[in-house]
Amino acid sequence: MKQYQYIILRERPELKNTAARWFHEKWGVPKEAYLECMDNYLDGNTEYGWYLCLDGDKIIGGMGVIENDFHERKDLSPNVCAVYTDEAYRKQGIAGKLLNMAVEDMKSKGITPIYLVTDHIGFYEQYGWEFLCMVQGCDPEPTRMYVHY
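Residue 94 in our numbering is what sits at position 90 of the sequence shown, and the numbering runs on without skipping anything.
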């Protein structure tokens, strides 16, 4: 099995622009929004981090932790966001390892529980996430909110 490198953005801050562009290409959220969150993290204004998986110098997976992932429940914070693994690299446990990194990093800073919104059923439960409730986001239909303690 191929070895990938898992990093926290503070370990490789020079990847900030590449990472912001990568997330923008995957999710369509403006690159500037990612840069603002990453700058706040890199400048020490927040402990809500960014986590990447690299194959050589190429980003193949990533996620962040932000205050709110576009839903009305501002009390359910912080949120894992932008979970993505490039299609060619799926089913190798990359997203799960990144999720565990984020949970452990937040716990080490006393930040618990953490939340995420998703339409997936069955994936996040494998990594200790529990369904909490339905929340209203940007879409007309409510989406699933998960929690990790």
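For every residue, glycine included, the Cβ atom is placed at its ideal position computed from N, Cα and C.
Notebook entry, point to check: Just how far apart, CA to CA, sit Arg-16 and Leu-136?
Noted result: The residue labelled residue 16 in the question sits at position 12 within the sequence shown. The residue labelled residue 136 in the question sits at position 132 within the sequence shown. Cα-Cα distance, rounded: 34 Å.
Item checked: Nearest to Arg-77 (by Cα), restricted to the options Lys-35, Gly-48, Met-138, Lys-113 -> Stepping through the sequence shown from its first residue, residue 77 is reached at position 73. Comparing Cα positions, the closest option is Met-138.
Checklist line | Euclidean distance between Cα positions of Gly-65 and Asp-123 | finding: Reading the sequence shown from its first residue, position 61 is the one you call residue 65. Reading the sequence shown from its first residue, position 119 is the one you call residue 123. Taking the straight line from one Cα to the other gives about 19 Å.
Margin query: Residues in the same chain with beta-carbon distance under 7 Å from Tyr-150, minus the five sequence neighbours each way, listed in chain order, please.
Written below: Along the sequence shown, read from residue 1 onward, the residue named residue 150 stands at position 146. The answer, listed in chain order, is Tyr-119, Leu-120, Thr-122, Tyr-128, Trp-133, Glu-134, Phe-135, Leu-136.
Check: Applying the criterion that 16 or more other CB atoms from any shown protein chain within 10 Å of the CB defines a buried residue, is Gly-114 buried or exposed?
Finding: The residue given as residue 114 occupies position 110 in the sequence shown. Exposed, since its Cβ has fewer than 16 Cβ neighbours within 10 Å.
Check: Touching or not, the region 101-117 and the region 22-38, by the rule of three or more beta carbon pairs under 8 Å?
Finding: no
Notebook entry, point to check: Excluding five sequence neighbours on each side, which residues of the same chain lie with their C-beta closer than 7 Å to the C-beta of Cys-142?
Noted result: For the purposes of this step, residue 142 is identified with residue 138 of the sequence shown, where counting begins at 1. Taken in chain order, the residues that qualify are Phe-74.
Margin query: If distances are taken between C-alpha atoms only, which option among Asp-79, His-28, Tyr-45 comes closest to Tyr-88?
Written below: Here residue 88 corresponds to residue number 84 of the sequence shown, with the count starting at 1. Per the Cα distances, His-28.
Notebook entry, point to check: Do the region 89-99 and the region 38-49 meet, that is, are 3 or more Cβ pairs less than 8 Å apart?
Noted result: no
Next item on the list: Quick one: which unbroken alpha helix (DSSP H) runs of 4-plus residues sit fully inside the region 87-148? Chain order, please.
Entry: 98-112
Notebook entry, point to check: If you run the structure through DSSP and keep just helix, strand and coil, what is Tyr-10?
Noted result: For the purposes of this step, residue 10 is identified with residue 6 of the sequence shown, where counting begins at 1. Looking at Tyr-10 - three-state DSSP - the assignment turns out to be strand.
Margin query: Rounding to the nearest angstrom, what Cα-Cα distance links Leu-102 and Glu-51 in this structure?
Written below: For this step, residue 102 is matched to residue 98 along the sequence shown. For this step, residue 51 is matched to residue 47 along the sequence shown. Rounded to whole angstroms, Leu-102 to Glu-51 spans 16 Å at the Cα level.
Next item on the list: Could you tell me the distance, in whole angstroms, from the CA atom of Leu-80 to the CA atom of Ile-12?
Entry: By one-based count along the sequence shown, residue 80 stands at place 76. By one-based count along the sequence shown, residue 12 stands at place 8. Distance between the alpha carbons of Leu-80 and Ile-12 is about 23 Å.
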